[in-house]
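Trainee: Quick one: structure below, then a few questions.
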Amino acid sequence: MPETEKLRSIVSELMQVSEDQIGDSTVFAGSVLASSLGRARLDAALRSRLNFSDPGVYVVQSFGELCKLAGTEGVGGPSISSLPTNNGKQAILREVTGQNVAVGVDIQSVSDLPEVADYWEAEFYQQHFTRQEIAYALLQPAPRESFAATWCAKEALRKADGRWLGVDWQQTEIAHTSDGVPTFKSGEDQIPCSVSLSHTKDYALAVVVFESKPPVQQVSLPIAVRPSEAEAIPAPQSSKQPLVLAILAFLISLVAVGLALLK
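Numbering (this note's numbering), first residue to last: 2 to 264.
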């Protein structure tokens, strides 16, 4: 099967339309592929089935652009050279004035996550959750709800601290203390933030709070590297405000869930 046809098959499967409806002019806006979760599913499918990985998957706007990105016969799309490259590590400068609190909030419909027979083997779950996260979710009464909450936490982390954008999802892991409190880690290193998770059968949400952003300095972070290559992130300075703001952010999230459930 030509590469374009393989791409067409993947896109039609994710968009839940017939392959003959997918052409170069097919846009992703308004479909499941318009969301970050949809793009993550597309990325996972391309990696697993075509051994193709490129951060441009998250910014292309149409099937034609995707084909060009993958080097097939499609037309249009952004220049590959203009997209971020997956070069192993990147240096990041972060400027902070005074004491700051960074808060990330994310809400996700549970039904948007793929429903599969085997979470261990499904490409989406293999590539976005660690084996420990999969094992934990499978021990819960509703695994997909647990996965959705963990997904939200990873999204919220990236919203709270943009340094994690582009970092392979396997490099960020939700762990739990003996008391069941969720924490974030990268490899063996704790990520210095507070995490709150919640879910219903329909929606999941997460709030991530950093007590303060790191001081001005250069930091190297891993991008799509093995856990053993991941570097620790410097601990942020302390602040007296994060707990209040974390509670406020969580209450706002609960209101958002309530409004979503009323729709």
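Glycine is no exception: its CB is placed at the ideal position from the N, C-alpha and C atoms.
Candidates 149, 31, 185, 51: which alpha carbon is nearest residue 203's?
Mentor: Looking at the Cα atoms, 149 is the closest of the given residues.
Trainee: Assess contact between the segment 5–22 and the segment 46–55, defined as three or more Cβ pairs (one per stretch) separated by less than 8 Å. Is contact present?
Mentor: Touching, yes, given that three or more Cβ pairs across the two stretches are closer than 8 Å.
Trainee: How would you write the range of the alpha helix (DSSP H) that residue 143 sits in, first residue to last?
Mentor: Element bounds for residue 143: n/a, residue is neither H nor E.
Trainee: Residues bridged to residue 110 by DSSP?
Mentor: Answer is 204, bridged to residue 110.
Trainee: Ordered along the chain, which non-local residues of its own chain (more than five positions away) have a Cβ less than 7 Å from that of residue 82?
Mentor: For residue 82, the pLDDT reaches just 35, beneath the cut-off of 50, and the residue's location in the model is therefore unreliable, leaving the point undetermined.
Trainee: Taking just the CA atoms, how far does residue 208 sit from residue 194?
Mentor: One C-alpha to the other measures close to 10 Å.
Trainee: Would the segment 184–194 count as touching the segment 136–148 if we require 3 or more Cβ pairs under 8 Å?
Mentor: Result no; under three Cβ-Cβ pairs closer than 8 Å.
Trainee: Using the three-state DSSP reduction, which class does residue 56 fall into: helix, strand or coil?
Mentor: In this structure, residue 56 counts as helix in the three-state DSSP scheme.
Trainee: Are the beta-carbon atoms belonging to residue 152 and residue 114 less than 8 Å from one another?
Mentor: In contact: residue 152 and residue 114 (Cβ atoms closer than 8 Å).
Trainee: Near residue 109, what residues of its chain come up, given a Cβ to Cβ distance below 8 Å and the 5 sequence neighbours on each side ignored?
Mentor: Only 38, 149, 152, 153, 156, 204, 205, 206 meet the Cβ criterion.
Trainee: For a test of the three-state rule: what should DSSP assign to residue 135, helix, strand or coil?
Mentor: Correct three-state label for residue 135: helix.
Trainee: Return the residue from the list 102, 33, 28, 210 that minimises the CA-CA distance to residue 112.
Mentor: When each option's Cα is compared against that of residue 112, the closest is 33.
Trainee: By DSSP, does residue 241 sit in helix, in strand, or in coil?
Mentor: Below a pLDDT of 50, predicted positions are generally treated as unreliable, and residue 241, at 48, falls in that range; the measurement from the model is reported next regardless. In the structure shown, residue 241 sits in coil (DSSP, three-state: anything other than H, G, I, E or B).
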